[in-house]
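Colleague: In our numbering, the protein residues as written are -3 to 287.
We put the CB at the ideal spot given by N, CA and C, even for glycine.
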Amino acid sequence: MKRQILNLLIGLLHALASGLDRLIQLLTGRRQMLRSGLAERLAPVHEQTTPHGIIRLATPSEACLMRAETLFTKEPDMIDWIDAFPDGFVLWDIGANVGIYSIYAGLKGGGQVFSFEPESANYWVLNRNIHLNSLDGRCTAYCLPLSDRTGVTRLALHTTMIGDALHNLTGVEGLVDDASMHHQGAVTITADEAISTLGIPVPTHLKIDVDGAEALIIRGARNLLRNPALQSILVELDDIAADPGKEVADALAGAGFVIASSQASPIATGRFAAIRNYIYVRGDSVPPTDT
């Protein structure tokens, strides 16, 4: 009898321990789920007044917050350039990062924005920003790097911080050395093929900010550059890296563009003070397109 009672007590203790273990697992899992849900819902969003209404930008990292807070001070010439777009504009934002200028142009209204950002984390925030500002249909983002050929390559990430830059396609010399924290797969396409094959509308305005791959994009845009619909180009060039900058300048001049202005960021320091935005506008003559 005593043995039966002992076995019963042991069985009850095992059952209690098993139930307690399941309860702990359940509570732990729910705690993790709660934390994950809160992290998503409480992700910080920076709000700022613009001439076109309130802009809302997701700031899941210090780099994203820096970009949001310096919207009007980091590249004021970019803001002036966008504000001057006429109704019916089509902006291609090549190297959009998390999309602060794409969103600003979208809020301006009167046109369409197509953003190209190959880095996966930045692309996620770019789409988050489109959603936060209710710009679905006005801004469209593609996780594609534009280049001089269509193919499969890798993107060497300078860091894995969301909102960071200086990433380079494999084999392209950029602003930093070849060291990288991670390599991400990427499918490249030329600007001309993005229009002829994918059917993306021809831009009236082109922004190129790709940290060293500018010449690749220009080589893949021979027909686009000669299309009279394209009226202006803002390209960020490194004045120290003379060869790629000369190739870009020669190609744009050959396509009928002239420099309207050039400006370095007023808040840039050190190595970045040598980087300037060059704004090109269409001259009087437009060379014929390739057939």
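With a CB to CB cut of under 6 Å and the five nearest residues on each side skipped, what residues in its chain are close to H42?
Modeller: Here the set comprises L53, T55 and A64.
Colleague: For T68, collect the residues of the same chain with a Cβ closer than 7 Å to its Cβ; drop the 5 residues on either side in sequence, then sort them by chain order.
Modeller: Reading off the sequence, residue 68 comes out as Phe, not Thr. Closer than 7 Å at the Cβ level, and outside the excluded window around F68, lie I75.
Colleague: Cα-Cα, which of K242, G250, A247 and D234 is closest to Q259?
Modeller: Nearest C-alpha to Q259: D234.
Colleague: Leaving out five residues on either side along the sequence, give the residues of the same chain with a beta carbon under 7 Å from the beta carbon of A187.
Modeller: If we look at A187 and ignore the five residues flanking it on each side, its Cβ neighbours are L142, I213, G216, A217 and L220.
Colleague: Quick one: measure Cβ to Cβ for L226 and V198, integer angstroms, because I've assumed they're closer than 8 Å.
Modeller: Contact holds; Cβ gap of about 7 Å.
Colleague: Give me the Cβ distance between I126 and C135, rounded to the nearest whole Å; I'm assuming they're in contact under 8 Å.
Modeller: Confirmed, Cβ separation roughly 5 Å.
Colleague: Does the Cβ of L38 have 16 or more other Cβ atoms within 10 Å, making it buried, or fewer, making it exposed?
Modeller: Looking at its Cβ environment, which holds fewer than 16 other Cβ atoms inside 10 Å, L38 is exposed.
Colleague: Taking 9 Å as the cut-off, decide whether the C-beta atoms of Q180 and E113 are in contact.
Modeller: Their beta carbons are not under 9 Å apart, which means Q180 does not touch E113 by this criterion.
Colleague: Closest to P72 by CA distance: which of V277, G279 and A264 is it?
Modeller: Per the Cα distances, A264.
Colleague: Report, in whole angstroms, the separation of the C-beta atoms of R124 and T184, which I expect to be a contact under 8 Å.
Modeller: Not really, about 24 Å apart at Cβ, beyond 8 Å.
Colleague: Less than 9 Å between the C-beta atoms of H201 and W77, yes or no?
Modeller: Result yes, Cβ atoms of H201 and W77 sit closer than 9 Å.
Colleague: In whole angstroms, what is the alpha-carbon distance linking L171 and V231?
Modeller: For L171, the predicted model reports a pLDDT of 45, less than 50, meaning its position is unreliable; a value from the coordinates is still stated below. Going by the C-alpha atoms only, they are around 15 Å apart.
Colleague: If we call anything under 9 Å between Cβ atoms a contact, is V244 one with V277?
Modeller: No, the Cβ-Cβ distance between V244 and V277 is not below 9 Å.
Colleague: According to DSSP, W88 sits in a beta bridge with which residue or residues?
Modeller: The partner list for W88 (beta bridge, DSSP) reads F110 and L202.
Colleague: Assign I50 to one of two classes, buried (16 or more other C-beta atoms within 10 Å of its C-beta) or exposed (fewer than that).
Modeller: Counting Cβ neighbours within 10 Å, I50 comes out exposed, since fewer than 16 surround it.
Colleague: Do the CB positions of A137 and L122 come within less than 9 Å of each other?
Modeller: In contact: A137 and L122 (Cβ atoms closer than 9 Å).
Colleague: DSSP three-state label for S14, please.
Modeller: In the structure shown, S14 sits in a helix (DSSP, three-state: H, G or I).
Colleague: Less than 7 Å between C-beta atoms, sequence neighbours within five positions excluded: which residues of the same chain meet that for L131?
Modeller: For L131, where only same-chain residues beyond five positions count, the Cβ hits under 7 Å are I99 and G102.
Colleague: Using CA coordinates, which residue listed in T156, Y97, V148 and G159 is at the minimum distance from N129?
Modeller: Cα-wise, what sits closest to N129 is Y97.
Colleague: Give the secondary structure of D234 by DSSP, where H, G and I count as helix, E and B as strand, and everything else as coil.
Modeller: Reduced to three states, the DSSP call for D234 is strand.
Colleague: Specify the secondary structure class of N93 as computed by DSSP and reduced to three states.
Modeller: Looking at N93 - three-state DSSP - the assignment turns out to be coil, as it is neither helix nor strand.
Colleague: Buried or exposed for D246, going by 16 or more other Cβ atoms inside 10 Å?
Modeller: Flag for D246 reads exposed.
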